[in-house]
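Following my numbering, the numbering of the sequence shown begins with 267 at its first residue and continues without gaps.
Even for Gly, the Cβ is constructed at its ideal location relative to N, Cα and C.
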Amino acid sequence: MIIKQLSVFLENKTGRINDVVHALGANGINMHAFSMAETADFGILRLIVSDVEKAVEVLRAKDFAVMSTDVVCLSCDNVPGSLAVVLEYLAEEQIFIEYMYAFAQADQAHVVIKPNDMAHCLKVLEAHHCRVLGKDEL
């Protein structure tokens, strides 16, 4: 199942992440997962949120550069080696992972990935009976 992820481009200056988080919270938008990456000139805040369309509207109104990207969130046991098994399935099928980030909920690890071939990635995960989460399961 495909999930929409937001990428927010931020100036490298104090308080910019807080500005995003505050704007989302003030508008009743929950952040389910996020990752922050930094380059020399700007940061990229990647977010899975409760209401993508509203978040885009709110952030653009605050002059943030925002884009939406398709990602997949898989769930595996939160034990050593569990993720390695799933990543091996993808590697065997020549699926390149552009980036990923993870979070845990109790005994499950949830991993958000951006594959180079979404359709093939989903087929491989399904063929190996991997649990893929929908937006409402986060």
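Segment limits, alpha helix (DSSP H) that includes residue i
i: L391; result: 384–393
i: L349; result: 348–358
i: L325; result: 318–327
Residue interval of the beta strand (DSSP E) (run including residue i)
i: K279; result: Neither: K279 is in no beta strand (DSSP E) and is coded neither H nor E.
i: A303; result: 297–304
i: E364; result: 363–371
Secondary structure of residue i, DSSP reduced to three states
i: V332; result: strand
i: D343; result: strand
i: L290; result: helix
Exposure of residue i, with buried meaning 16 or more beta-carbon neighbours within 10 Å
i: F432; result: What is shown of the chain runs 267 to 404, which leaves residue 432 out entirely.
i: A299; result: buried
i: A393; result: exposed
i: H395; result: exposed
i: F345; result: Looking at the sequence itself, residue 345 is Val, so the reference to Phe does not match. Exposed: under 16 other Cβ atoms inside 10 Å.
i: A321; result: buried
i: K380; result: buried
Residues that DSSP places opposite residue i in a beta bridge
i: G400; result: Bridge partners of G400: none, in fact.
Cβ of residue i within 9 Å of any chain D Cβ
i: N344; result: Absent here is chain D; the protein component of the structure consists of one chain.
Between the segment 346–357 and the segment 288–300, can you find at least three pairs of beta-carbon atoms closer than 8 Å? no
Is the segment 367–378 touching the segment 316–329, taking contact as three or more C-beta pairs under 8 Å? no
The segment 298–317 in contact with the segment 269–285 per 3-pair CB rule at 8 Å: yes
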